[in-house]
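Undergrad: Numbering (UniProt numbering), first residue to last: 1 to 383. The beta carbon of each residue, even a glycine, is placed where N, CA and C say it ideally should be. Please see the structure below; I have some questions.
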Amino acid sequence: MADESRVSMAGSTDSVPDNSNDNSIDTTDQKKRKEMESRSTAWEHFEKILKMDSSGEYWKFEQEVVRRALVEMIIVYELPFSFVENEGFKKFMSKAQPLFWIPSRRTITRDCYDVYGELRLSLKKYFRGMQPRICLTTDTWTSVQKLNYMCLTAHFIDRDWVLHKRILNFCPITSHKGEHLAECISNCLLDWNLVSVFTATVDNASSNNIAVPALSKKLDMWGTNVMDGKHLHVRCMTHILNLIMQDGLKEIGPSIKRVRQMVKYVRSSPARTRNFNKCCEIQKIEYAKMLSFDVPTRWNSTYLMLEMAEKFEKAFERFDLYDDNFNSYLSTDVCEDSSVAGSIQSDDWVNVRNVIKFLERFYMLTLKVSGSRYVTCNVHFED
Numbered sequence: 001m002a003d004e005s006r007v008s009m010a011g012s013t014d015s016v017p018d019n020s021n022d023n024s025i026d027t028t029d030q031k032k033r034k035e036m037e038s039r040s041t042a043w044e045h046f047e048k049i050l051k052m053d054s055s056g057e058y059w060k061f062e063q064e065v066v067r068r069a070l071v072e073m074i075i076v077y078e079l080p081f082s083f084v085e086n087e088g089f090k091k092f093m094s095k096a097q098p099l100f101w102i103p104s105r106r107t108i109t110r111d112c113y114d115v116y117g118e119l120r121l122s123l124k125k126y127f128r129g130m131q132p133r134i135c136l137t138t139d140t141w142t143s144v145q146k147l148n149y150m151c152l153t154a155h156f157i158d159r160d161w162v163l164h165k166r167i168l169n170f171c172p173i174t175s176h177k178g179e180h181l182a183e184c185i186s187n188c189l190l191d192w193n194l195v196s197v198f199t200a201t202v203d204n205a206s207s208n209n210i211a212v213p214a215l216s217k218k219l220d221m222w223g224t225n226v227m228d229g230k231h232l233h234v235r236c237m238t239h240i241l242n243l244i245m246q247d248g249l250k251e252i253g254p255s256i257k258r259v260r261q262m263v264k265y266v267r268s269s270p271a272r273t274r275n276f277n278k279c280c281e282i283q284k285i286e287y288a289k290m291l292s293f294d295v296p297t298r299w300n301s302t303y304l305m306l307e308m309a310e311k312f313e314k315a316f317e318r319f320d321l322y323d324d325n326f327n328s329y330l331s332t333d334v335c336e337d338s339s340v341a342g343s344i345q346s347d348d349w350v351n352v353r354n355v356i357k358f359l360e361r362f363y364m365l366t367l368k369v370s371g372s373r374y375v376t377c378n379v380h381f382e383d
């Protein structure tokens, strides 16, 4: 009843004790308390959301998980081990995740090797269960440090008829002799317990004419040689094309040499490149894609260089008028083969256009047969 009387008198003008200040204090405290309670609940909910990942689970920082992700990034993008000691990377991590302890390059080197060992064991287990008959591809080369290397790759089809490839070995070798190559390949196959080999695709080096028959004898010993190795030796089609193209390019060698020297001159300094760009603007030639330099032993890179240079023919003619040293450079600079290219001739661009048309078809064919995720052995019959 007392409560009801207070309520009924709330709007009355009758004389009542003035407790307005007390009421305002109580009301203010209640409001503050409610606001604090409200903010507290909202903040707790916000923190929960922050801790959740995309799957709806709470996120928790784990040093080893982030470290493993760092190792995988270095492997996938072929970054140097010293990347972790770069000041830029350290600063980025200090802002992105200050809790992460950045390992040294020695530690990251060991981590990469550990990942390799882990994946190697996993792949061995996979091969034991699959027992696939594989097709091999191998290549050897000599580095600029005069070290010999060999890469051995296995290609196989899984139970779902999906084509796969895995690098089995990338190792230094002591010799390019055929017997030694065969021994390295057979030892690698035994290490992986892969004794069922269908084909071995190699380039046309004379040493492979010894290596593949020697490997065939090993397969005979293992009892896995298909049709007595009659179809074991497969010659690399792209390497054959490379030999044909290199020989064919000799026919217009002087013209190619002059174009190569022209590109080299323009690209040799920023100032010359800027002047060449001005010539392109005058001739209204789009130069978003600039001149590319080739590797003389790779005909496909020579094709790309010629294809791009031909589009800038008018710009080169303008540049000859713009730069007094251009012609003298072509007439005096010594090329890789110790000869001089000489000044540009009237029929050089005609030769370039003809060879571009000729090389284009072979270039597209090379791209087709260089794939490793689809069958390529039948492609050359169509082209």
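Are the region 356-367 and the region 297-307 in contact at 8 Å, needing three or more beta carbon pairs?
TA: yes
Undergrad: Starting from T332, follow the alpha helix (DSSP H) in both directions and report where the run begins and ends.
TA: Numbered from its first residue, the sequence shown carries residue 332 at position 332. Per DSSP, T332 belongs to the alpha helix (DSSP H) from N325 to T332.
Undergrad: Since I believe Y329 is in contact with Y265 (beta carbons under 8 Å), could you give me their beta-carbon distance rounded to a whole number of angstroms?
TA: On the sequence shown, residue 265 is found 265 positions in, with the first residue counted as 1. On the sequence shown, residue 329 is found 329 positions in, with the first residue counted as 1. So it is a contact: roughly 5 Å between Cβ atoms.
Undergrad: State the Cα-Cα distance for the pair Y58 and V65, rounded to the nearest angstrom.
TA: Within the sequence shown, numbered from 1, the residue matching residue 58 stands at position 58. Within the sequence shown, numbered from 1, the residue matching residue 65 stands at position 65. Approximately 15 Å between the Cα atoms of the pair.
Undergrad: Can you list, in chain order, the residues of its chain with a C-beta nearer than 8 Å to that of D320? Leave out the 5 residues immediately preceding and following it.
TA: Locating residue 320 in the sequence shown gives position 320, counting from the first residue. Closer than 8 Å at the Cβ level, and outside the excluded window around D320, lie F326, N327 and I344.
Undergrad: Taking N369 as the reference, which of Y322, T201 and V162 has the closest Cα?
TA: In the sequence shown, the residue the question calls residue 369 occupies position 369. One point to set straight first is that residue 369 is Val, not Asn, in the sequence displayed. Considering only alpha carbons, the answer is T201.
Undergrad: Evaluate the contact criterion for the region 235-242 versus the region 270-281: three or more CB pairs, one atom per stretch, below 8 Å.
TA: The answer is no - the region 270-281 does not touch the region 235-242, with fewer than three Cβ pairs under 8 Å.
Undergrad: Does the contact criterion of 3 or more C-beta pairs under 8 Å hold for the region 99-116 versus the region 61-75?
TA: yes
Undergrad: Do you know offhand how far V115's Cα is from L189's?
TA: Sequence index remark: in the sequence shown, residue 115 carries index 115 (1-based). Sequence index remark: in the sequence shown, residue 189 carries index 189 (1-based). Their Cα atoms are separated by approximately 21 Å.
Undergrad: By Cβ distance, which residues of its chain are closer than 8 Å to V334, with the 5 residues on each side in sequence left out?
TA: What you label residue 334 is simply residue 334 of the sequence shown in a count that begins at 1. Cβ within range, chain order: V340.
Undergrad: Smallest Cα separation from P172: which of L152, F81 and A96?
TA: In the sequence shown, residue 172 corresponds to position 172, counting from 1. Nearest C-alpha to P172: L152.
Undergrad: Does the Cβ of M9 have 16 or more other Cβ atoms within 10 Å, making it buried, or fewer, making it exposed?
TA: Numbered from its first residue, the sequence shown carries residue 9 at position 9. With a pLDDT of 38 at M9, under the threshold of 50, the predicted position of this residue should be treated as unreliable, though the coordinate-derived value follows. Exposed, since its Cβ has fewer than 16 Cβ neighbours within 10 Å.
Undergrad: Per the contact definition of three or more C-beta pairs closer than 8 Å, is the region 306-319 in contact with the region 281-296?
TA: The count of Cβ pairs closer than 8 Å, one atom from the region 281-296 and one from the region 306-319, reaches three, so the stretches are in contact.
Undergrad: Use the C-beta contact count for T297: other C-beta atoms within 10 angstroms, 16 or more gives buried, fewer gives exposed.
TA: Taking the first residue of the sequence shown as position 1, residue 297 is located at position 297. Exposed: under 16 other Cβ atoms inside 10 Å.
Undergrad: From L365 to I252, what does the alpha carbon distance come to, in whole angstroms?
TA: By 1-based counting over the sequence shown, the position of residue 365 is 365. By 1-based counting over the sequence shown, the position of residue 252 is 252. In this structure, the straight-line span from the alpha carbon of L365 to that of I252 is close to 22 Å.
Undergrad: Let me check one thing: in DSSP terms, what residues is R166 bridge-paired to?
TA: Taking the first residue of the sequence shown as position 1, residue 166 is located at position 166. Note: R166 sits in a beta bridge opposite A154.
Undergrad: Between which two residues does the alpha helix (DSSP H) containing F127 stretch?
TA: For the purposes of this step, residue 127 is taken as residue 127 along the sequence shown, with counting starting at 1. That run of the alpha helix (DSSP H) goes R105 to M130.
Undergrad: Just list the residues that DSSP pairs residue 384 with in beta bridges.
TA: Lying outside 1 to 383, the shown extent of the chain, residue 384 is not represented and no answer is given.
Undergrad: Hey, how far is the Cα of F276 from the Cα of V263?
TA: One-based indexing of the sequence shown puts residue 276 at position 276. One-based indexing of the sequence shown puts residue 263 at position 263. Between F276 and V263, the C-alpha separation is close to 10 Å.
Undergrad: Should T174 go down as buried or exposed, given a rule of 16 or more other Cβ atoms within 10 Å for buried?
TA: By 1-based counting over the sequence shown, the position of residue 174 is 174. Exposed, because fewer than 16 other Cβ atoms sit within 10 Å of the Cβ of T174.
Undergrad: Report the option in Q97, V84 and L70 whose CA atom is closest to the CA atom of F61.
TA: In the sequence shown, counting from the first residue as 1, residue 61 sits at position 61. For F61, the nearest C-alpha among the options comes from Q97.
Undergrad: Whole angstroms are fine: how far does the CA of T332 sit from the CA of G371?
TA: For the purposes of this step, residue 371 is taken as residue 371 along the sequence shown, with counting starting at 1. For the purposes of this step, residue 332 is taken as residue 332 along the sequence shown, with counting starting at 1. Those two C-alpha atoms are separated by around 42 Å.
Undergrad: DSSP three-state call for H176: helix, strand or coil?
TA: Translated into positions along the sequence shown, residue 176 becomes position 176. H176: coil per DSSP, three-state reduction.
Undergrad: Note the first and the last residue of the continuous alpha helix (DSSP H) segment covering C280.
TA: Against the sequence shown, residue 280 aligns to sequence position 280. Run containing C280: P270 to I282, per the alpha helix (DSSP H) assignment.
Undergrad: Is the number of C-beta pairs between the region 213-221 and the region 182-197 that are closer than 8 Å three or more?
TA: yes
Undergrad: Going by beta carbon distance, what residues of the same chain come within less than 7 Å of A214, once the five residues before and after it are set aside?
TA: Position 214 of the sequence shown, counted from the first residue, corresponds to residue 214. Excluding positions up to five away in sequence, the list reads G178, E179 and A182.
Undergrad: Classify I256 as buried or exposed, calling it buried when 16 or more other Cβ atoms lie within 10 Å of its own Cβ.
TA: For the purposes of this step, residue 256 is identified with residue 256 of the sequence shown, where counting begins at 1. Result: buried.
Undergrad: Cutting at 7 Å between CB atoms, please list the residues of its own chain near I282, excluding the five before and the five after it.
TA: What you label residue 282 is simply residue 282 of the sequence shown in a count that begins at 1. Excluding positions up to five away in sequence, the list reads R318.
Undergrad: Could you pull out every unbroken alpha helix (DSSP H) segment of at least 4 residues lying fully inside the region 329-364, listed in chain order?
TA: none
Undergrad: Within a Cβ cutoff of 8 Å, which residues of the same chain sit near residue 386, ignoring the five residues on either side of it in sequence?
TA: Nothing about residue 386 can be read from this structure; the chain reaches only from 1 to 383.
Undergrad: Assign Q63 to one of two classes, buried (16 or more other C-beta atoms within 10 Å of its C-beta) or exposed (fewer than that).
TA: Taking the sequence shown and counting its residues from 1, the one referred to as residue 63 is at position 63. So Q63 ends up on the exposed side.
Undergrad: If you scan the region 68-101 from start to end, which runs of the beta strand (DSSP E) of 3 or more residues do you find wholly inside it?
TA: none
Undergrad: Determine the direct distance from the alpha carbon of K124 to that of K165, and round the result to whole angstroms.
TA: In the sequence shown, counting from the first residue as 1, residue 165 sits at position 165. In the sequence shown, counting from the first residue as 1, residue 124 sits at position 124. Separation of K165 and K124 (C-alpha to C-alpha, rounded to the nearest whole angstrom) is 14 Å.
Undergrad: Tell whether a beta-carbon distance below 8 Å holds between F89 and L194.
TA: Position 89 of the sequence shown, counted from the start, is the residue given in the question as residue 89. Position 194 of the sequence shown, counted from the start, is the residue given in the question as residue 194. No, the Cβ-Cβ distance between F89 and L194 is not below 8 Å.
Undergrad: So what's S15 in DSSP terms, helix, strand or just coil?
TA: Residue 15 sits at position 15 when you count from the first residue of the sequence shown. With a pLDDT of only 46 at S15, under the threshold of 50, the placement of this residue in the model should not be trusted, and no figure is reported.
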